[in-house]
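Numbering (this note's numbering), first residue to last: 93 to 200.
Glycine included, every Cβ here is placed at the ideal spot set by N, Cα and C.
Here the structure is a predicted model, which is why all the values come from computation and not from measurement.
These notes concern the structure reproduced below.
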């Protein structure tokens with residue numbers, strides 16, 4: 093099995109305009125992924141860490157990357173292929189509620 097990092101993007105407006113029944117199914121799907129071993133969580137406030145040339149650590153509040161939607165959460169999942177990983181995240185809240193989920197293969 094390969095590992096994949098997923099990044100979910102979404103906002104409250106997209107979530108609110110999604111039917112409650114669909115949101116509930118998406119949350120139940122997330123729960124099943126966690127029961128199957130996925131590690132996931134809601135995104136907190138990020139910090140940027142730099143230590144250029146090992147000359148000293150500089151920490152700055154806020155995200156480095158920018159996107160049309162805010163980062164909503166992360167997950168680490170295992171799947172046999174990228175296609176299986178895509179299928180696994182296609183029913184999650186960010187994918188359903190007018191957001192997007194990135195799937196990043198992790199190579200060792």
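First and last residue of the uninterrupted beta strand (DSSP E) at residue i
i: residue 164; result: 163 to 171
Bridge partner(s) assigned by DSSP for residue i
i: residue 194; result: 99
i: residue 181; result: DSSP lists no partner for residue 181.
i: residue 94; result: 171
Coil, strand or helix - residue i by DSSP
i: residue 109; result: coil
i: residue 189; result: coil
i: residue 200; result: coil
Short CB-CB distance (under 8 angstroms) between residue i and chain B
i: residue 131; result: Here chain B cannot be found, since the structure has a single protein chain.
Determine contact between the region 139 to 146 and the region 159 to 168, defined as no fewer than three beta-carbon pairs at a distance below 8 angstroms. no
Does the contact criterion of 3 or more C-beta pairs under 8 angstroms hold for the region 108 to 124 versus the region 150 to 160? no
If we count Cβ pairs, one from each stretch, closer than 8 angstroms, do we get three or more for the region 190 to 197 versus the region 123 to 135? no
May I have a chain-ordered list of the alpha helix (DSSP H) segments no shorter than 4 residues that lie completely inside the region 103 to 158? 104 to 108, 112 to 127
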